[in-house]
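If you count the sequence shown from 1, position 40 lands on 325 in my numbering, and the numbers rise without skipping.
By construction, the Cβ of each residue, glycine as well, lies at the ideal position given by its N, Cα and C atoms.
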Amino acid sequence: MSSDFYTYEELLARAWSKLPKKRIHRERWQPPKPEVMISGKRTFIQNFNQICDYLNRDPKHLMRFILRELAAPGSIEGNMLVI
């Protein structure tokens with residue numbers, strides 16, 4: 286075998302030396318909280334389009350995901366998701 290390989294300690298020292306000395310503090314990424322309204326057997330997420338825009342997702346795609354997870358029927362009416 287060749288001696289061209291680094292030891293674990295050498296690789297670890299190289300990795301630590303490449304990390305920044307100070308940790309950069311940024312604002313925590315937080316999507317908008319769902320505004321939920323319950324009326325009888327139906328549940329409305331009133332700011333559904335705003336949430337989709339923030340997550341950069343197609344509303345129909347996100348609706349399908351939520352409905353499959355809940356195993357419930359639903360639809361999009363205006364800016365709201367109706368479950």
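Checklist line | Three CB pairs or more closer than 8 Å across the stretch 297-316 and the stretch 344-352 | finding: no
Next item on the list: Whole angstroms is fine: what's the gap from P305's alpha carbon to E294's?
Entry: As a position in the sequence shown, residue 305 is number 20, starting the count at 1. As a position in the sequence shown, residue 294 is number 9, starting the count at 1. Each residue's CA atom was taken as its position, placing P305 and E294 some 19 Å apart.
Notebook entry, point to check: For I368, which residues of its own chain have a beta-carbon under 6 Å away from its beta-carbon, when the five flanking residues on both sides are left out?
Noted result: Locating residue 368 in the sequence shown gives position 83, where the first residue counts as 1. Result list for I368: T328, A357 and G359, in chain order.
Next item on the list: Please classify T333: does DSSP put it in a helix, a strand, or coil?
Entry: Counting from 1 along the sequence shown, the entry for residue 333 is found at position 48. Looking at the sequence itself, residue 333 is Phe, so the reference to Thr does not match. The answer is helix: DSSP assigns F333 an H, G or I state.
Checklist line | Run of the alpha helix (DSSP H) containing E362, from where it starts to where it stops | finding: In the sequence shown, residue 362 corresponds to position 77, counting from 1. Unbroken run through E362 is the beta strand (DSSP E), S360 to E362; no alpha helix (DSSP H).
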